[in-house]
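Under numbering that gives the first Met the number 0, residue 200 is the last one in the sequence shown; the count climbs by one each step, no gaps.
Glycine included, every Cβ here is placed at the ideal spot set by N, Cα and C.
This report refers to the structure that appears directly beneath it.
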Amino acid sequence: MDRFEEIKEAIEFQGFKGKPSVTGGKILLHTCCAPCSSYVVFKLKYFYGMDVTAYYYNPNIYPKEEYEKRYEEMEKLAEFFDFKLIKGNYDSERWFKKTEKLKDEPEGGRRCYICYALRLKETALKAKELGIEYFTTTLTVSPHMKHTIINRIGKSLEKKTGVNFLEENFKKQNGYLYSVRISKYLKIYRQHYCGCLYSMP
Ligand code: SF4
């Protein structure tokens with residue numbers, strides 16, 4: 000059984016709806032963690048037919064041990080779905096400098112917009128450097144993340160860098176539910192907080 004059939008059966012997948020806005024080509028996927036990436040990679044590969052390279056750029060994740068742990072889970076996912084994975088720099092100091100004035104903002108507030116923008120910008124620049132024609136992010140799979148803001152940032156980076164942004168809302172059509180099911184099936188660690196120090200329980 001190939002990976003698509005295996006996952007389809009494991010998550011009781013009802014099928015993709017609609018037509019993809021693009022088909023084929025290479026995409027650099029900003030990945031925040033393996034649970035969110037699970038369904039996003041599944042969709043990029045089997046709905047969009049894209050050649051996926053994941054870019055793990057997350058200087059927001061605190062502490063460093065958690066950052067490494069999430070990366071190790073990404074490695075497992077990359078092996079299962081057979082995609083390339085690049086580890087970015089852990090620019091933790093840079094992230095803290097950009098967000099410290101907004102440390103008291105609620106989750107989903109202005110601090111998060113800066114956090115989205117920083118990670119998306121690095122992804123767009125990396126895609127440009129590698130000659131990859133598209134970029135996108137796993138962030139929109141989470142019900143806590145605002146896809147309208149994320150897509151707006153992505154589109155503005157498209158204008159600035161010339162790399163096409165794949166606008167998506169991966170949580171739609173049960174995307175989040177399927178990401179939970181794939182993670183459970185593959186026994187992937189699922190964290191209990193978004194990532195930064197300020198979001199820790
Ligand atoms: S809550 Fe999540 S998105 Fe918001 S700043 Fe922290 S890590 Fe970034």
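With distances taken between CA atoms, Ile181 lies nearest to Ser36 out of Tyr133, Gly87, Phe82, Ser36. Contact annotation, Glu121 with Asn163: C-beta distance approximately 17 angstroms; criterion of less than 8 angstroms not satisfied. Beyond the five residues adjoining it in sequence on each side, Arg118 comes within less than 6 angstroms, by CB distance, of His29, Tyr56 in the same chain, given in chain order. In this structure Thr135 is in contact with Gly153, their Cβ atoms being roughly 7 angstroms apart against a cut-off of 8 angstroms. Leaving aside the five residues that flank Cys195 on each side, the residues in its chain whose CB is nearer than 6 angstroms to its CB run, in chain order, Asn59, Tyr61. Within the same chain, Leu138, Ile148, Ile149, Ile152 come within 7 angstroms of Tyr115 by CB-CB distance, once the 5 residues on both sides are set aside. Residue state for Asn163 is assigned as strand, using DSSP reduced to three classes.
In this structure, the beta-carbon distance from Val40 to Phe3 does not fall below 8 angstroms.
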